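Shown next, in structure tokens, is the structure this report addresses.
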Amino acid sequence: MDPITLAIAGAVATGVVTRAGELAGTALSTLFGRIRDRFRDRPEELESPESTAAALETEFTRDPAFRQDCHALWNQAQSGGVANSFNGQANKVIQARDIHGNITF
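Position one of the sequence shown corresponds to residue 51 (the numbering used here), numbered consecutively onward.
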């Protein structure tokens with residue numbers, strides 16, 4: 051199973067898409083809506099990350115256009131994000147994006 055499918059499955063099964071969709075704009079909201087619509091009659095398939103991944107993989111194999119659409123929406127939602135990675139001990143860590151104005155610490 052490809053990494054994007056696993057990421058989508060984890061986000062859908064844990065509810066991250068619904069919460070993040072409000073912040074990330076329409077890409078995640080659209081992605082979640084399309085998956086929810088596709089599995090409307092079988093919501094039990096989306097209850098855990100494992101079952102969601104298996105259900106999505108089956109659906110993506112059956113409908114490659116749906117896979118392409120979901121992957122494109124996931125990539126669109128991920129673009130422009132901020133990633134913070136550090137090793138070792140950290141006393142204070144700050145992550146920010148698109149700051150307009152002054153910052154005082």
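Just so it is clear, CB atoms sit at the ideal spot from N, CA and C, and this is done for glycine as well.
Treat the numbers as computed from the prediction; the structure is a model and nothing was measured.
Beta-carbon proximity check, residue i vs residue j, cutoff 8 Å
i: residue 105; j: residue 116; result: no
i: residue 77; j: residue 126; result: yes
i: residue 111; j: residue 62; result: no
i: residue 54; j: residue 150; result: no
Simplified DSSP state of residue i, which is helix, strand or coil
i: residue 144; result: coil
i: residue 87; result: helix
i: residue 110; result: helix
i: residue 71; result: Because the pLDDT at residue 71 is just 46, under 50, the model does not fix this residue reliably, and the point stays unresolved.
i: residue 121; result: helix
i: residue 129; result: coil
i: residue 58; result: helix
i: residue 154; result: coil
i: residue 98; result: coil
Candidates the options: closest to residue i by CA position
i: residue 100; options: 56, 143, 141, 148; result: 56
i: residue 108; options: 155, 85, 129; result: 85
i: residue 95; options: 152, 80, 64; result: 64
i: residue 79; options: 102, 123, 155; result: 123
i: residue 142; options: 83, 155, 113, 151; result: 155
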